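For the record, the sequence lines run as chains A and B.
Per the working numbering, the first sequence starts with residue 89, numbered consecutively.
Per the working numbering, the second sequence starts with residue 472, numbered consecutively.
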Amino acid sequence: MIEYVVQQVVNALAAGSLYALMAVGLAMVFGILRLINFAHGDLMMIAAYVAAFGLGAGLALELTIPLMVGGTVLVGLLMERVAYRPIRGAPDVATLLSSFAVGQILQNGTLLTTRLAGQPTLIAFPAPAGLGGVAAVGPITVPLVNIVSFVAGIVLLGMLTVFVTRTNLGLSMRAAAEDLSAAQLMGIKVNRVVATAFAIGSALAATAGLLFAVQAGQINPYIGFTPVLKAFIAAVIGGFGSIAGAVLGGYILGALEVFVTAVAGIGDILPPGSVSPEVRAFLQQWLPSALASYRDAIVFLFLILVLLVRPQGILGQRDRGDSL
Amino acid sequence: MAARRAAGPAMAVGLSALAFALLDASGQAFWQGLVINLLIFIILTVSLNLTSGFTGVFSLGQIGFMALGAYASAILTLPLREKAAFLPDLPSWLAGVHLDWSVGPLPVGFLVATLIAGGLVSVIAWPVGRVLMRLSGHFVAVATLGFLVIVRVILFNADGFTRGSRTFSNVTQYTNLWWAGLWALVVVYVVWRIKRSTYGREMLAQREDRVAAQAIGIRVMEPRLLAFVVGAFFAGVAGSLYAHFITSFSPTVFYFDLTFRVITMLVVGGMGSVSGSIVGAVAIVALGEALRRVEDATLLYGLSSIVLAAMFLVVITVRRGGLLGEREIPLDRLFLRRDRTADQSP
C-alpha cells in the first residue's frame, strides 16, 4: 500500500511540474498583456518535434536540448511580433481568438511539414538515453522521466524566481505586469519586456514539451491542446497573472488529477482483509474504475467551480470587470 | 409601407426557394450537399452570433450543444432493429422509441425529434448559462470551452447511448435542402426579431458598457441567459440536421476545429450582424471548398486551415468589425421609394 501511495505522490509531483512549467509562461504573458495565449501549447508541440528531429538524426541529448529551446524561443518571439503586437490593446476576446488562429497555423504548419518530409501524422518519439527507464528504490519503482520532470521543474522555476526578483529585466517585467502604461511612462521598454516574457515562456514550454513527449512516447501536431487547457486551469486556480500562483496551481492540478486516477477503482485494488466487505462494496459503487476516464471532465468542473467561487484564484488579486 | 418593407426579404426568400427547387431538380448531389452544409453552418453562425456577438460574452461551447442535439435526435429516429443491434444498453424507455411517422411525404417524426433535441439542449443550457453568464471576458470563453471538453468526455464514455468512440451510424438521411433551408429561415428570422426587441437592445447595451447599462436599469443576466439558451436550442437543431444529413458520425467531429470554423465565419461576417453571419458563412464555406480542392490537387493537407487562420488574423488586425460590423444588409429598404429613403438619411 505504501509503495502505491509513494508512486502516486511522485506521479503527482511530476505532473504538477509539467503543468507549472506551462502555466508560468501563460501567466507571465497574461500578467503583462492580458492575453490568454492558447498557442502556448503549440510551442510545446514544436519543441517535441524539434527534439524528435534532433534525436532521430542521432544528435546527443546535450546538443538536442539547446537546438530545441532555441527553435521554440524563435517561434515564440515570431508569434509575438507577427500576430500579437499589431493587436496589442484590442478587446480581450479578439486577442484570445487570434491566439486560436495562431495555434491553427502552428498545428497545420507542422502537419504540412511532416507530410512534406514523408512522415506519418503520428510519429514515435525516440526516447533519449538517460530519460527512459525506471528508477527503483527498494520495492518502489517510478519512471525516471517523472523524477527528472519534478527536478527540472523545481530548478527552472527557482531560476525564474531569482530572475524576476533579482535582475533589472525581471523587475521591469513585474512593473509592467503591475501597470503597463505606468511602467512605460517610467521609461521601461515594453516591447523588450514582452519579448522577454515570450522567450522565457517558450523556453519553459520547450522543456515541458520534451518531458511530455518522453512520457507519451509518441507525438502528433495536436498534442499541445490538452496541456495548454490544463495549464490554463492551473493558472486560474493559482490566480491568473501571478507567477507564484501559476506554480501553486500547477501542483494542485497535478495532485487533483493523480488523486482522481488513484481513487478510481480503489475498491478493487485494496488488499484483501484490509477493509470490511461493506466498505469495499461502497467504494466499488461510488468510486468505480470508470471514473478515471472522466478525469478531464472532473478537472474542468473544478475549474468552473473555482471561477465561480473565487475568480481571482488563490493568490490573485480581484480584477475589475471579470465577473458580475 | 409595411408591405414595401417586407417585399425585399420576401423576394430574397422567394429567390432562394427558386434556387433550391432548381438545385433539387438538377440532381447534382455534390452541390446539394454543399448547400445543405452551408445552411447548417448558417444556422450555427447566426445562433453563435446571438449567444456571443450580441452579448459580448464569448461562448466556445456552441459545438457542445450541437453534439448533444445530434446524438439526442439520432437516438430518437434510429430504426428499432439498428437500435437493438448498436445500442443494446439503452434504457428500456428509450429503446422502444422510433420517431418515423410521416404525414404524406413529410417526416413529422424527424421534426419532432429535432424539436425534442433542441428542447433538451435548452434545458441543459439553462443551468449552465445561469452559472457561466456571471463571468465576463476571457473567463467565460474558457469556462465554456471547459463545457465543450466535458461534453466530449461524456460522449466518449457514455457507451450505452453514444457507442463511445465508435461511429454512430445508420441514421436515416432525412435532412434535405428544404429542411435545412426552412430551419435556416426560422433561425435568421427569430434572431433578427430578437435583435430588434427590447432583449436585443439590452444585449447590445450591456455589451458596450456593462456598468453604464446597469446604472440606468438595464438588465444584464436575463438578456445574456436568453441569448445563451436560444442559441443553444438552434445549435441543437443544427446538430440534428447534421446527424440526419451525414448519417454517421463520432464525437471527434464536434470539437475544436469545428468551433474555430464557426468562429471564423462569425468574425469575418461581423459580430452583431445577422446578415453578416450569412455572408461570413457563405464566404468561408466557398473558400474552404476551393482550398480543399487545391489541397486534393497538391496533397498539401493542412494548407486550407493555415490560409483560413491567417485570413482570420488579418481580419482581426485590420478590420476588427468584420465585413459588415454591426450593420445589416438593408433588404427591407430595397423597395421603399427613393425620396423616402433620401429623407431618412441625413
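The beta carbon of each residue, even a glycine, is placed where N, CA and C say it ideally should be.
In this text the structure is predicted, and so the values were computed from the model without any measurement.
- Task: Kindly provide the ranges of any alpha helix (DSSP H) runs that are 4 or more residues long and lie completely inside the stretch 162 to 210 of chain A, ordered along the chain.
- Result: Segments of the alpha helix (DSSP H) lying fully in the stretch 162 to 210 of chain A: 180 to 204.
- Take the Cβ of B/S607 as the centre, count every other Cβ of all protein chains shown within 10 Å, and call the residue buried at 16 or more, exposed below. Burial call: buried.
- Taking contact to mean at least 3 C-beta pairs separated by less than 8 Å, is the stretch 558 to 569 of chain B in contact with the stretch 656 to 675 of chain B? Three or more beta-carbon pairs separated by less than 8 Å are not found between the stretch 558 to 569 of chain B and the stretch 656 to 675 of chain B, which leaves the two stretches without contact.
- Message: Less than 8 Å between the C-beta atoms of B/S748 and B/V517, yes or no?
- Response: A contact, by the Cβ cut-off of 8 Å.
- Message: Alpha carbons only, please: which of B/S530, B/V579, B/L521 is nearest the one belonging to B/T548?
- Response: Residue B/V579 is the option with its Cα nearest to B/T548.
- Message: Among A/A283, A/I325, A/L298, A/D267, whose alpha-carbon lies nearest the alpha-carbon of A/F390?
- Response: Comparing Cα positions, the closest option is A/I325.
- Query: Is it true that the CB of A/L199 sits closer than 8 Å to the CB of A/T183?
  - Reply: No; because the gap between Cβ atoms is not below 8 Å, this pair is not in contact.
- Message: For B/R681 and A/V233, what's the separation of their Cα atoms in angstroms?
- Response: Cα to Cα, the separation comes out at about 49 Å.
- Message: Quick check on DSSP: helix, strand or coil for B/A686?
- Response: B/A686 sits in a helix when the DSSP states are folded into three classes.
- Query: Helix, strand or coil for A/I134 per DSSP?
  - Reply: Here A/I134 sits in helix by DSSP.
- Task: Compare the C-alpha of B/E673 against each of B/A698, B/I511, B/W650 and name the closest.
- Result: Proximity to B/E673 across B/A698, B/I511, B/W650 peaks at B/A698, based on C-alpha coordinates.
- Task: Give the single residue among B/I687, B/R695, B/A686, B/F501 whose Cα lies nearest to the Cα of B/R678.
- Result: The residue with the shortest Cα to Cα distance from B/R678 is B/R695.
- Item | Collapsed DSSP secondary structure at B/F725 in the structure displayed | Three-state DSSP puts B/F725 in coil, outside helix and strand.
- Task: Show which residues of chain B have a CB atom less than 9 Å away from the CB atom of A/I153.
- Result: By Cβ distance, chain B contributes nothing, its closest Cβ being about 28 Å from A/I153, past 9 Å.
- Message: So the candidates are A/V281, A/L185, A/L396; which of them puts its Cα closest to the Cα of A/L268?
- Response: Each of A/V281, A/L185, A/L396 was checked against the Cα of A/L268, and the nearest Cα belongs to A/V281.
- Message: Please report the distance separating the alpha-carbon of B/L561 from that of A/A212.
- Response: For B/L561 and A/A212, the distance between alpha carbons rounds to 39 Å.
- Task: Please decide whether A/V181 counts as near chain C, where near means a Cβ-Cβ distance under 8 Å.
- Result: The structure shown contains no chain C; its protein chains are A and B.
- Query: In whole angstroms, what separates the C-alpha of A/T202 from that of A/N196?
  - Reply: Between A/T202 and A/N196, the C-alpha separation is close to 10 Å.
- Assigned secondary structure, B/T646 (DSSP; H/G/I helix, E/B strand, else coil): It is coil, neither helix nor strand.
- Task: Compare the C-beta of A/R280 with all C-beta atoms of chain B and state if any pair is closer than 8 Å.
- Result: Taking Cβ atoms only, chain B never reaches closer than 8 Å to A/R280, which makes this a no.
- Item | the stretch 367 to 380 of chain A / the stretch 112 to 131 of chain A touching (three or more Cβ pairs under 8 Å) | With a cut-off of 8 Å, the stretch 112 to 131 of chain A and the stretch 367 to 380 of chain A do not count as touching, because too few Cβ pairs lie within range.
- Would you list the residues sitting across from A/V225 in a DSSP beta bridge? Beta bridge pairing from DSSP links A/V225 with A/I228.
- Query: Whose CA, out of B/G590, B/W654, B/I621, B/V611, lies closest to the CA of B/L510?
  - Reply: Cα-wise, what sits closest to B/L510 is B/W654.
- Message: Measuring CB atoms only, is the stretch 103 to 112 of chain A touching the stretch 169 to 180 of chain A, in the sense that at least three cross pairs come out at less than 8 Å?
- Response: No, the stretch 103 to 112 of chain A is not in contact with the stretch 169 to 180 of chain A.
- Quick one: any contact between the stretch 483 to 494 of chain B and the stretch 697 to 715 of chain B, if contact means 3 or more CB pairs under 8 Å? Contact between the stretch 483 to 494 of chain B and the stretch 697 to 715 of chain B is not established, with fewer than three Cβ pairs separated by less than 8 Å.
- Message: Within 8 Å of any Cβ in chain A, is that where the Cβ of B/A781 sits?
- Response: Answer yes: the Cβ-Cβ gap between B/A781 and chain A drops below 8 Å somewhere.
- Extent of the continuous alpha helix (DSSP H) to which B/S544 belongs: Where B/S544 is concerned, the enclosing alpha helix (DSSP H) stretches over 533 to 548.
- Item | Status (buried if at least 16 other CB within 10 Å, exposed otherwise) for A/T160 | Counting other Cβ atoms within 10 Å of its Cβ, A/T160 reaches 16 or more and is therefore classed as buried.
- Along the stretch 486 to 519 of chain B, what residues have a CB closer than 7 Å to any CB found in chain A? Taking 7 Å as the upper bound on Cβ-Cβ separation, chain A lies near no residue of the stretch 486 to 519 of chain B.
- Indicate the three-state DSSP secondary structure (helix, strand or coil) for B/F720 in the structure shown. Here B/F720 sits in strand by DSSP.
- Leaving out five residues on either side along the sequence, give the residues of the same chain with a beta carbon under 7 Å from the beta carbon of A/N99. Excluding positions up to five away in sequence, the list reads N234, V346.
- Message: If I follow the unbroken alpha helix (DSSP H) through B/R804, where does it start and stop?
- Response: No alpha helix (DSSP H) holds B/R804; DSSP gives it neither H nor E.
- Item | Cβ-Cβ separation, A/A136 to A/I307 (assumed contact under 8 Å), whole Å | That pair is a contact at about 5 Å.
- Message: Cβ closer than 8 Å: which chain B residues qualify as neighbours of A/G197?
- Response: Within 8 Å Cβ-Cβ: G773, I777.
- Step through the CB atoms of chain A and report whether any lies within less than 8 Å of the CB of B/G688. Taking Cβ atoms only, chain A never reaches closer than 8 Å to B/G688, which makes this a no.
- Task: Note down, one range per segment and in chain order, each alpha helix (DSSP H) of at least 4 residues found wholly within the stretch 310 to 362 of chain A.
- Result: Fully contained in the stretch 310 to 362 of chain A are the following alpha helix (DSSP H) runs of length 4 or more, in chain order: 313 to 326, 331 to 351, 354 to 357.
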